[in-house]
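*Asks:*
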Amino acid sequence: MAGGAIVASGGASRSSEYQGGLTAYVLLVALVAACGGMLLGYDNGVTGGVASMEQFERKFFPDVYEKKQQIVETSPYCTYDNPKLQLFVSSLFLAGLISCIFSAWITRNWGRKASMGIGGIFFIAAGGLVNAFAQDIAMLIVGRVLLGFGVGLGSQVVPQYLSEVAPFSHRGMLNIGYQLFVTIGILIAGLVNYGVRNWDNGWRLSLGLAAVPGLILLLGAIVLPESPNFLVEKGRTDQGRRILEKLRGTSHVEAEFADIVAAVEIARPITMRQSWRSLFTRRYMPQLLTSFVIQFFQQFTGINAIIFYVPVLFSSLGSASSAALLNTVVVGAVNVGSTMIAVLLSDKFGRRFLLIEGGITCCLAMLAAGITLGVEFGQYGTEDLPHPVSAGVLAVICIFIAGFAWSWGPMGWLIPSEIFTLETRPAGTAVAVMGNFLFSFVIGQAFVSMLCAMKFGVFLFFAGWLVIMVLCAIFLLPETKGVPIERVQALYARHWFWKKVMGPAAQEIIAEDEKRVAASQAIMKEERISQTMK
Numbered sequence: 001m002a003g004g005a006i007v008a009s010g011g012a013s014r015s016s017e018y019q020g021g022l023t024a025y026v027l028l029v030a031l032v033a034a035c036g037g038m039l040l041g042y043d044n045g046v047t048g049g050v051a052s053m054e055q056f057e058r059k060f061f062p063d064v065y066e067k068k069q070q071i072v073e074t075s076p077y078c079t080y081d082n083p084k085l086q087l088f089v090s091s092l093f094l095a096g097l098i099s100c101i102f103s104a105w106i107t108r109n110w111g112r113k114a115s116m117g118i119g120g121i122f123f124i125a126a127g128g129l130v131n132a133f134a135q136d137i138a139m140l141i142v143g144r145v146l147l148g149f150g151v152g153l154g155s156q157v158v159p160q161y162l163s164e165v166a167p168f169s170h171r172g173m174l175n176i177g178y179q180l181f182v183t184i185g186i187l188i189a190g191l192v193n194y195g196v197r198n199w200d201n202g203w204r205l206s207l208g209l210a211a212v213p214g215l216i217l218l219l220g221a222i223v224l225p226e227s228p229n230f231l232v233e234k235g236r237t238d239q240g241r242r243i244l245e246k247l248r249g250t251s252h253v254e255a256e257f258a259d260i261v262a263a264v265e266i267a268r269p270i271t272m273r274q275s276w277r278s279l280f281t282r283r284y285m286p287q288l289l290t291s292f293v294i295q296f297f298q299q300f301t302g303i304n305a306i307i308f309y310v311p312v313l314f315s316s317l318g319s320a321s322s323a324a325l326l327n328t329v330v331v332g333a334v335n336v337g338s339t340m341i342a343v344l345l346s347d348k349f350g351r352r353f354l355l356i357e358g359g360i361t362c363c364l365a366m367l368a369a370g371i372t373l374g375v376e377f378g379q380y381g382t383e384d385l386p387h388p389v390s391a392g393v394l395a396v397i398c399i400f401i402a403g404f405a406w407s408w409g410p411m412g413w414l415i416p417s418e419i420f421t422l423e424t425r426p427a428g429t430a431v432a433v434m435g436n437f438l439f440s441f442v443i444g445q446a447f448v449s450m451l452c453a454m455k456f457g458v459f460l461f462f463a464g465w466l467v468i469m470v471l472c473a474i475f476l477l478p479e480t481k482g483v484p485i486e487r488v489q490a491l492y493a494r495h496w497f498w499k500k501v502m503g504p505a506a507q508e509i510i511a512e513d514e515k516r517v518a519a520s521q522a523i524m525k526e527e528r529i530s531q532t533m534k
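Going letter by letter, the sequence shown gives residues 1 to 534 in our numbering.
#1: State the DSSP-derived secondary structure class of His387, mapped to helix, strand or coil.
#2: Report the residue from Glu479, Glu423, Gly503, Met533 whose alpha carbon sits nearest the alpha carbon of Asn539.
#3: On the three-pair Cβ rule with 8 Å, is the segment 33 to 41 touching the segment 111 to 121?
#4: Do Val50 and Ser206 count as a contact pair if the criterion is CB distance below 9 Å?
#5: Considering only their Cβ atoms, is the gap separating Pro416 from Ser520 smaller than 9 Å?
#6: Beta-carbon within less than 6 Å of Val158's beta-carbon, same chain only, minus the 5 sequence neighbours each way: which residues are those?
#7: Nearest CA to the CA of Val29: which residue from Leu244, Leu153, Asp347, Val389?
#8: For Phe122, I'd like the list of residues in its chain whose CB is within less than 6 Å of its CB, leaving aside the five on either flank, ordered along the chain.
#9: Helix, strand or coil: how does DSSP classify Ser500 here?
#10: Contact between the segment 449 to 458 and the segment 78 to 87: three or more CB pairs below 8 Å?
#11: Can you tell me whether Gly235 is buried or exposed? The criterion is at least 16 other CB atoms within 10 Å of its CB, across all chains shown.
#12: Alpha carbon to alpha carbon, how far is Leu97 from Trp105? Give it in angstroms, no decimals.
#13: Between Gln55 and Asn201, is the Cβ-Cβ spacing less than 9 Å?
#14: Three-state secondary structure (DSSP) at Met38?
#15: Does the Cβ-Cβ distance between Met285 and Val467 come in under 9 Å?
#16: At the level of alpha carbons, what is the spacing between Val470 and Leu491?
#17: Using DSSP with H/G/I as helix, E/B as strand and the rest coil, what is Arg487?
#18: Just the Cα atoms here: how many angstroms apart are Gly11 and Glu508?
#19: Classify Gly21 as helix, strand or coil using the three-state DSSP reduction.
#20: Using a Cβ-Cβ cut-off of 8 Å (strictly less than) and excluding sequence neighbours within five positions of Gly457, which residues of its own chain qualify?
#21: Where does His495 fall in DSSP's three states?
#22: For the alpha helix (DSSP H) holding Asp200, just list the boundary residues, first then last.
#23: Compute the Euclidean distance between the alpha carbons of Val393 and Thr301, then round it to the nearest angstrom.
#24: What would DSSP say about Arg268, mapped onto helix, strand or coil?
#25: Contact between the segment 159 to 175 and the segment 221 to 231 is defined here as three or more beta-carbon pairs at a separation below 8 Å; is this criterion met?
#26: What's the C-alpha gap between Ala518 and Gly503?
#27: Alpha carbon to alpha carbon, how far is Phe230 from Val130? Give it in angstroms, no decimals.
#28: Are the segment 213 to 222 and the segment 351 to 359 touching by the rule of at least three beta carbon pairs closer than 8 Å?
#29: Is it the case that the Cβ atoms of Phe297 and Cys100 are separated by a distance below 9 Å?
#30: Excluding five sequence neighbours on each side, which residues of the same chain lie with their C-beta closer than 6 Å to the C-beta of Ala463?
#31: For the segment 171 to 185 against the segment 435 to 449, do three or more pairs of beta-carbon atoms, one drawn from each stretch, fall closer than 8 Å, so that the two count as touching?
#32: Classify Trp199: buried if its beta carbon has 16 or more other beta carbons within 10 angstroms, exposed otherwise.
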């Protein structure tokens, strides 16, 4: 099948030489690091909830509040079409996009732990201080911008760190831990919003609790081990090997460590500026396009439109504020449960299968939502949706969330973190996260205006994009399941389409890969002889 699993020459036998497996220590390390996903998840989940709270609306968005209270001759689809509200939602992602430029430099020069710690500090400062005590819209936006810097740093470094510490056979499962904690953050935000919905200034607590995941990430940065890849790159080879041995639970890590050393020898002469330049050469263009397009597709499933605006959407469709917030909790619970399925299946069925199956599920759900609203709610809406129809829309949205949560959600973070070579990995993952934030900004800024202009057709719009995504996953995405992270580039060099994009560089990459395998096997042989003599 086009775009199927293509294992580089010697890849299967080579990976079988890797010793060690899923130890309790690496599970603990991955669990602590993955908590960084709560930064993005909590913020995504809390935003739409506080935007539907009456006290928050009266203070910051009085036009929206008045529009909800009055009978106006406009479609209910347009209730929340407000530029300031859209800026409140999307400003975080614009700041996150900018922070990715600096996060790649910090990650490569100061280490993965430093990026996590700095991201946690931004989140604590913004969530605990600025947003919780905001007095006007300007202060609120400043807090969102600071949160964006923290989210940008965390989103760039955590998936990369997880891919580097995970054993290759469980890389998908551990990396998806990041997305799992994104969904847990969304669920916690929904529960907090529902719990404080009737409190005086309850929205301040909702926004202020963003400091908690920031604190967790900061503490994690203090106690976690540094990535072996980074330590070897900085010349701390012995320390890097000791950490790798501890992660794998064995001292017999010759094959994997030799591959890391070989990759570092290629990466070390390349400066950060050269790393950025290299991304745009034919040699690395397949990985760059894959990671960027996956981020585009992830956002154009419509997921953030749903997550940001579930409370707003149900309020627009006639649900009371409390019911809208409760619906958010239901959606959040489905999100967490379905992401757990991805944790179990990604290393069993592979990335492509989940993207294809999940894309089809999401497409059918979007079609069902659009058709249902078109038939029952029409172009201009009614005062309220019948309860069975409202419940049906919620069920369809939950099906969409489930399909996304075991496919395009976790794979959107996993695949970019595992396809770049060591010398381009910080810059490459930064570009991927920049793409994620860019398209999140576009959707966050545009969705309520699209809902107002296109009505139920906005769901059909996203369904159309989902068809394109499924086709691209079938024909253009190599399967990286079970391929050691340092050998993924050779996978692209053998792919029917991407080798044409690479041009002559494809054969060079294949030759380098075979040479690297031979060199690391020679190193292993020498170490075994040395151990035998001892």
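The beta carbon of each residue, even a glycine, is placed where N, CA and C say it ideally should be.
Predicted model, so just to flag it, every value in this text is computed and none were measured.
*Replies:* Short version:
#1: Your numbering for residue 387 matches position 387 in the sequence shown. DSSP, reduced to helix, strand and coil, places His387 within a helical segment of the structure shown.
#2: The displayed coordinates of the chain run from 1 to 534. Any statement about residue 539 would go beyond what the structure contains.
#3: Between the segment 33 to 41 and the segment 111 to 121, the count of Cβ pairs shorter than 8 Å is three or higher; the stretches touch.
#4: Position 206 of the sequence shown, counted from the first residue, corresponds to residue 206. Position 50 of the sequence shown, counted from the first residue, corresponds to residue 50. It is a contact, given that the beta carbons lie within the stated cut-off.
#5: Position 520 of the sequence shown, counted from the start, is the residue given in the question as residue 520. Position 416 of the sequence shown, counted from the start, is the residue given in the question as residue 416. Inclusion of Ser520 and Pro416 in the CB contact set at 9 Å is not warranted, their separation being larger than that value.
#6: Taking the first residue of the sequence shown as position 1, residue 158 is located at position 158. Closer than 6 Å at Cβ, skipping near neighbours: Ala33, Gly36, Tyr178.
#7: Along the sequence shown, read from residue 1 onward, the residue named residue 29 stands at position 29. Among Leu244, Leu153, Asp347, Val389, the Cα nearest to that of Val29 belongs to Leu244.
#8: Against the sequence shown, residue 122 aligns to sequence position 122. Cβ within range, chain order: Leu146, Phe149, Gly150.
#9: Taking the first residue of the sequence shown as 1, we reach residue 500 at position 500. For clarity, residue 500 is Lys in the given sequence; the question names Ser instead. Collapsing the DSSP output to three states places Lys500 in a helix.
#10: A contact exists between the segment 449 to 458 and the segment 78 to 87.
#11: Position 235 of the sequence shown, counted from the start, is the residue given in the question as residue 235. In the assembly as shown, Gly235 is an exposed residue. Its beta-carbon has fewer than 16 other beta-carbons within 10 Å.
#12: The sequence position of residue 105 within the sequence shown is 105, counting from 1. The sequence position of residue 97 within the sequence shown is 97, counting from 1. Within the model, the alpha-carbon separation for Trp105 versus Leu97 is close to 14 Å.
#13: Stepping through the sequence shown from its first residue, residue 55 is reached at position 55. Stepping through the sequence shown from its first residue, residue 201 is reached at position 201. Cβ distance < 9 Å, so Gln55 and Asn201 count as in contact.
#14: The count along the sequence shown starts at 1 and reaches residue 38 at position 38. Residue state, collapsed to three classes: helix.
#15: Taking the first residue of the sequence shown as 1, we reach residue 285 at position 285. Taking the first residue of the sequence shown as 1, we reach residue 467 at position 467. No.
#16: Reading the sequence shown from its first residue, position 470 is the one you call residue 470. Reading the sequence shown from its first residue, position 491 is the one you call residue 491. Straight-line Cα distance between these residues: approximately 21 Å.
#17: As a first step, residue 487 must be located in the sequence shown, where it is residue number 487. Reduced to three states, the DSSP call for Arg487 is helix.
#18: In the sequence shown, counting from the first residue as 1, residue 11 sits at position 11. In the sequence shown, counting from the first residue as 1, residue 508 sits at position 508. In this predicted model, Gly11 has a pLDDT of only 43, less than 50, meaning its place in the structure is not dependable; the value taken from the coordinates is given anyway. If I take the Cα positions, the gap works out to 17 Å.
#19: As a first step, residue 21 is located in the sequence shown; it is residue number 21 there, counting from the start. If DSSP states are grouped into helix, strand and coil, Gly21 belongs with coil.
#20: Here residue 457 corresponds to residue number 457 of the sequence shown, with the count starting at 1. By the criterion of a C-beta distance shorter than 8 Å, Gly457 is surrounded in its chain by Gly370, Gly374, once the five residues flanking it on both sides are discounted.
#21: On the sequence shown, position 495 is the one that residue 495 refers to. His495: coil per DSSP, three-state reduction.
#22: Position 200 of the sequence shown holds residue 200. Element bounds for Asp200: n/a, residue is neither H nor E.
#23: As a first step, residue 393 is located in the sequence shown; it is residue number 393 there, counting from the start. As a first step, residue 301 is located in the sequence shown; it is residue number 301 there, counting from the start. Approximately 17 Å between the Cα atoms of the pair.
#24: As a working mapping, residue 268 is identified with position 268 in the sequence shown. It is coil, neither helix nor strand.
#25: Flag = yes, the segment 159 to 175 and the segment 221 to 231 touch.
#26: Start at 1 with the first residue of the sequence shown, and residue 518 comes out as number 518. Start at 1 with the first residue of the sequence shown, and residue 503 comes out as number 503. So the two alpha carbons sit approximately 24 Å from each other.
#27: As a working mapping, residue 130 is identified with position 130 in the sequence shown. As a working mapping, residue 230 is identified with position 230 in the sequence shown. C-alpha of Val130 to C-alpha of Phe230: approximately 34 Å in a straight line.
#28: No, they do not touch.
#29: Here the question's residue 297 lines up with position 297 in the sequence shown. Here the question's residue 100 lines up with position 100 in the sequence shown. Not in contact: Phe297 and Cys100 (Cβ atoms no closer than 9 Å).
#30: Here residue 463 corresponds to residue number 463 of the sequence shown, with the count starting at 1. For Ala463, where only same-chain residues beyond five positions count, the Cβ hits under 6 Å are Cys363, Met366, Leu367.
#31: No: fewer than three Cβ pairs fall under 8 Å.
#32: Numbered from its first residue, the sequence shown carries residue 199 at position 199. Residue burial annotation: Trp199 is exposed, with fewer than 16 other C-beta atoms found within 10 angstroms of its C-beta.
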